[in-house]
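Everything on this sheet refers to the single structure shown next.
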Amino acid sequence: MALAEPKVTLDLARGLGLTADEYDRILRQLGREPTYTELGLFSALWSEHCAYKHSRVFLKRLPTAGPRVLQGPGENAGAIDIGDGWAVVFKMESHNHPSFIEPFQGAATGVGGILRDIFTMGARPIAILDSLRFGDPNDPKVRHLVAGVVSGISWYGNCFGCPTVGGEIAFAPEYAGNPLVNVMCVGLVRADRIFRARADGIGNPVFYVGNKTGRDGIHGATMASATFDDKAHEQRPTVQVGDPFTEKLLLEACLEAMATGAVVGIQDMGAAGLACCTSEMPARSGTGMEVELSSVPQREEGMTPYELLLSESQERMLLVAARGREGDVRRVFAKWELDAVKVGTVIRDSDLIVRHQGHEVARVPVDALADGPRYEKPTAEPAWLAERRAFDPLTLPPPEDLPIALVALMGSPTIASKDWAFRQYDQQVGINTLVLPGSDAAVLRVKGTRRALAVATDGNGRQVDIDPRRGAAMAVCEATRNVSCAGGEPVGLTDCLNFGSPERPEILWQFAETIEGIAEACRALEVPVVGGNVSFYNETSGQAVLPTPVVGVVGVLEDANRHATQWFKSPGHRIALLGPDDVSLGGSEYLWTRHGRVAGRLAPLDLGLERRVQRAVRAAISAGLVTAAHDCAEGGLAVTLAESCVTGPARIGAEVAVEAPGRIDLVLFGEGPSRVIVSVAPERARGFEAAMAEAAIPWRWIGVTGGERLVIRTGRAAVSVGLAEIDNAWRSGFERHMA
Amino acid sequence: MKFGVVVFPGTWSDCDFHHVVSEVLHQPVKYVWHRERDLGDVDCVILPGGFSYGDYLRAGAVAGRSPVVEAIRDFAAKGGLVLGSCNGFQILCEAGLLPGALLRNECLQYRCQSTHLVVDNVDTPFTRGLRPGQVLTMPISHGEGKYQVDAPALAQLREHHQIVFRYATAEGAVTRAANPNGSLENIAGIVNEAGNVLGMMPHPERAAEAVVGGTDGLLLFQSLLGSLVEDGTFLKR
Amino acid sequence: MKVRVLVRLRPGIMDVQGAAVQRALVGLGFGDLRDLRVGKVIDVDVDASSVPAARVRVDEMCKKLLANPVLEDYTIEPVEASSLEATSALR
Amino acid sequence: MKVRVLVRLRPGIMDVQGAAVQRALVGLGFGDLRDLRVGKVIDVDVDASSVPAARVRVDEMCKKLLANPVLEDYTIEPVEASSLEATSALR
Ligand SMILES: Nc1ncnc2c1ncn2[C@@H]1O[C@H](COP(=O)(O)OP(=O)(O)O)[C@@H](O)[C@H]1O
Ligand SMILES: [Mg+2]
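Residue numbers (my numbering), protein chains in the order written: chain A, 617 to 1355; chain B, 320 to 556; chain C, 448 to 538; chain D, 448 to 538.
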């Protein structure tokens, strides 16, 4: 077979994204020049996206162990024991670059990819959460991206049949040239039925299952490992198209095949496709694999070995079956009208041997591919940071028009209602959703048990920008606090770390600090990190996105009926504020919307206190002492109260008085960790007081629910706004841009 | 009462209906695979929601021409009870078991939200436990739920009291604002002339337990349960 | 044998999508746009000895599946030399 | 002036819709079906003095909105007498 393949040279390697050093390393590891196909394998597997070249040394710092952990990082997703023989499997992934190039399909295939990560583990997906960041919604180009991304997520998730129950959408100009599309998926599996991406058992057959292979997304992984410039749109031919219907069939077929006992190991063909699976699976098992590419089901004619190995066609898996059980695999996939073709065998030698029509086109040690280079590149604190942090927001004049300031915050697109997006998502299929999108965390029951899961995602790029370490720790605190405010005990965490180019020392410093912050918080809160994703090179023409770690947390409620939502339930309930007084306007939503600045210092963070506050909230919820619980986040205390007034089925006002140190704008809009407001029915007030005394946290009564207004007094000042005005601003703040 | 829940490639409310029938109503229920030509021993067939065959051509189009639908056609002709919800409604229309068709929502977006339905016709096995004008709360979740039928067919629907549910306000007023998808006359559900085949866009199975979305959907099942008579016929009232 | 099916909404059925696209185009400055309707084109390649034979077959496909008579009309067109080129370029 | 735009997926882009419809038709007994692809037809009526002028305008519309260059190719066709009839019958 004479394929006219390009001659392998250093230049060619460079063109594929490899450095001169990396090319040398390939020569050394092979002891010869690679073939063109082999070079393709290395370029994909050693891309930043697959090899975590720049991040691996830092990721080691994350705490990944815990008594409930069944699977930490290193597999398609993490798994946590939730009792009664069940495990929750979850992970978050980014699809930023593809979504910028083609928002609808990019976001859709992002959902497809994370769903596969969950069901390759043997788990049935039960929930999707989407965490999105865009530029200024006043820009029509941004609106086009928002509309495309949301409808792509909606199409894929709805058609597949997994509810989207939570997430966030935030806006900042830094994301204009590079939106962030992070999607988390949560699934359930019997704890003793978790499948792994392994190629065990010499002689076991290797099956290709799912959609046919086309030339989609070749070098997608490499693309995700490069920054955009003005030519971004020329990279278009790599766009992949999603097929949620086939994905649904693949889900059912995979779970059914797993139930037969014929499946030894399985991995989805995501980034770097077949190349990735055929090297990573045997590498994990200390085996090798031989594959015959001409057996691969193909959608297009004349595909080369290189293309077949690197294609990122969607809805495909590589499955290692038990020898002798081939018939079971074929039967199940035939029932679901999917291809299941034997393409190879697990072998003893730890090589990946690739043949095409019988001719060997690649022979590479699997470890050489799977253990890519690791770098410890220099980090440096950005020069501008000290100055930005030295800025004191209190040197700005206080607002004279407090009601207007509050209404403006409620209508800022980041804080405003995201109903426009969520109503496009099926939120209930599976009939497990006890708390729909719109509260601090979504709550899903676990059928067949008394338990429920609470899930939330969080991240605040502005806070991380001015203080990566504390900002990242605060993201962990906020996501876990959200889960606690629903009544769930946080049991596991996944993260998606969205940064600019790691080749810039300032960016890598932000990244390193972020990891430290996440690690500190997770250790203090005893929440293990069981999986995640790093997305570097989020920049366009040298402008990086805000450093944005997004954190996804899963919590367990022992009693599904004992959960809480964030909105006030009736008039006459007492309102309490739990947590410290320390807040700051540094990095706050107020400072940004009112003054257009991202500067100042973050409020102090006491992780021990954070933990006690969360525990106190959970205890109060499970004892039935509170009627609402809401975490104080963007917009500070005033916005938190306003949200509790208007985000529920009925509008209920509140009158509160807060005696706290500091200027009124600081008290109202200052942001800080470890703070929660709750409402308590009068007859439970004594019980609540007793519970708080035991919790050893600062707290106090601040007011009572009722009326048509939100009134907040502090010192001699007061702000009073009608709920209708608050509600209108909140409901239209985002949606008016999308109409 | 024995239920059968039909499963097409791409169906996703099958498990939810199964759960409600077995865990909430405690009735026997089985899945019916789309290739089957014989429904077996069932009293009521449910066509659940989902995206059968991806709904890639038109919602319900491919499923509407599958072997199991032919079996359902015979079953319905003999008076068997058929409930199609969401994609099931779309399939029944595509199969010609119900008149009309479901078009893309007027807003051109998918809609998942709670809706109120006013009950127009209580003389069906599915609604015999309800009051005329009663308002039910049930969620919808679809991208193609705008009911469409031509004027003569609409006149027929009216004449035979085939319109069962209409989107309404919480007070039961049939208004434009209460119409989530632009459906003709706010139609949310219809029956065939004989009254034994019901198609509706809302999801009764998502409103069958107090903890998840209320219990108004259960009223339909409870109407059904009492409707069966020994000789195999059913009660309308 | 290649033929092309055009499936369009029947007269009297509101083309919401077409109207939305039209509004968007007018908003983009295409004031000279009088009307716009969106339908489907289905390019079919069928084993048949002649264009008329292919037409008959494809007509059956339309009746069986491709068009919904409640909503849609369809026309079947042979693919002529010129458009054939365009089509084949797509393969 | 009436013209017609055919918008189709670019070569190499998976036609999810077409593949599903093709499978369905084969299942319905159309074993003679070799290939099927689904695209959009957009019938445009634009104020213009001549067909070429209309084409230019519609080409702009395609570039601005009607076709997604990442995924789709388009061709613009004049509406000839025969198809004009079919089209006008739809109004
Ligand atoms: N930021 C992170 N935190 C924790 N684990 C991570 C992080 N980034 C990646 N991982 C883990 O590294 C492994 C490889 O990830 P990845 O290559 O993204 O998987 P996939 O092949 O599914 O895309 C996974 O187990 C993932 O959970
Ligand atoms: Mg994976």
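Each residue gets a CB set at the ideal place from its N, CA and C atoms; glycine is no exception.
DSSP lists Ser460(B) as the beta-bridge partner residues of Cys431(B). Interface with chain C (8 Å Cβ-Cβ cutoff): Asp506(D) is excluded. Distance between Ala474(B) and Gly1077(A), taken at the CA atoms: about 59 Å. Each of Ile410(B), Ile365(B) and Arg485(B) was checked against the Cα of Asn515(C), and the nearest Cα belongs to Ile410(B).
For the region 457–469 of chain C, the set of residues with a beta-carbon nearer than 7 Å to any beta-carbon of chain B comprises Ile460, Val463, Gln464 and Ala467, in chain order. Residue state for Trp331(B) is assigned as coil, using DSSP reduced to three classes. One finds Gly459, Ile460 and Met461 in chain D with Cβ atoms closer than 9 Å to the Cβ of Gly830(A), taken in chain order. Nearest to Leu554(B) by C-alpha distance, out of Ile365(B), Val483(B), Thr494(B) and Gly399(B), is Gly399(B).
Rounded to whole angstroms, Gly518(B) and Asn511(B) show a C-alpha spacing of 9 Å.
The three-state reading of DSSP puts Thr522(D) in strand, counting E and B together. Burial of Ala1037(A) is indicated by the presence of at least 16 other C-beta atoms within 10 angstroms of its C-beta. Contact check for Leu867(A) and Phe949(A): beta-carbon distance about 12 Å, past the 8 Å limit, so the pair fails to qualify. Between the region 450–461 of chain B and the region 423–433 of chain B there are three or more C-beta pairs closer than 8 Å, enough to call the two in contact.
DSSP places Lys951(A) within a helical segment (H, G or I) once states are collapsed to three. Every beta strand (DSSP E) of 3 residues or more that sits fully in the region 1228–1291 of chain A is shown, in chain order, as 1244–1247 and 1270–1273. Residue range Asp967 to His972 is occupied by the beta strand (DSSP E) that includes His972(A).
Residue contact check for Lys449(C) against chain B: no CB pair falls below 8 Å. Flagged as an interface residue toward chain C: Ala380(B), by a C-beta distance shorter than 8 Å. Between His1211(A) and Arg759(A), the C-beta spacing is not below 8 Å. Between Glu413(B) and Gly448(B), the C-beta gap is not smaller than 8 Å, which leaves the two residues out of contact. Along the region 374–401 of chain B, the positions whose C-beta sits under 7 Å from a C-beta of chain D are Tyr375, Leu376, Val381 and Arg384, read in chain order. At a cut-off of 8 Å between C-beta atoms, Lys510(C) does not count as an interface residue with respect to chain D. Cβ-Cβ distances below 7 Å link Asp357(B) to Ala390 in the same chain, with the five nearest sequence neighbours on each side left out; the list follows chain order.
Straight through space, the alpha carbons of Thr494(B) and Ala1312(A) are spaced by roughly 54 Å. In the displayed model, Ser1055(A) falls within a strand according to three-state DSSP. When the Cα atoms are used, Ser542(B) and Ala487(B) turn out to be separated by approximately 21 Å. Two segments are said to touch when three or more pairs of C-beta atoms, one from each, lie closer than 8 Å; by this definition the region 777–789 of chain A touches the region 1039–1058 of chain A. Distances from the alpha-carbon of Ala873(A) to those of Ser911(A), Ala813(A), Arg941(A) and Leu926(A) put Arg941(A) closest.
If you draw a straight line from the Cα of Asp884(A) to the Cα of Arg932(A), it comes to about 6 Å. Ile489(D) has a beta carbon lying within less than 8 Å of a beta carbon in chain C. For Val493(C), the closest Cβ of chain B is not nearer than 8 Å.
If you ignore the 5 residues before and after Gly1147(A), its C-beta comes within less than 6 Å of the C-beta of Pro689, Ala693, Gly694, Lys707 and Thr1110, all in its own chain and listed in chain order. In terms of Cα proximity to Cys801(A), the closest of Glu1016(A), Tyr824(A), Leu628(A) and Ile744(A) is Ile744(A).
With the rule of 3 Cβ pairs closer than 8 Å, the region 902–912 of chain A counts as touching the region 957–972 of chain A. Contact annotation for His338(B) against chain A: Ile1047 and Lys1063 [CB-CB distance below 8 Å, chain order]. Annotation for Arg502(C): no beta strand (DSSP E) segment contains it, though the alpha helix (DSSP H) segment containing it runs Val498 to Met508.
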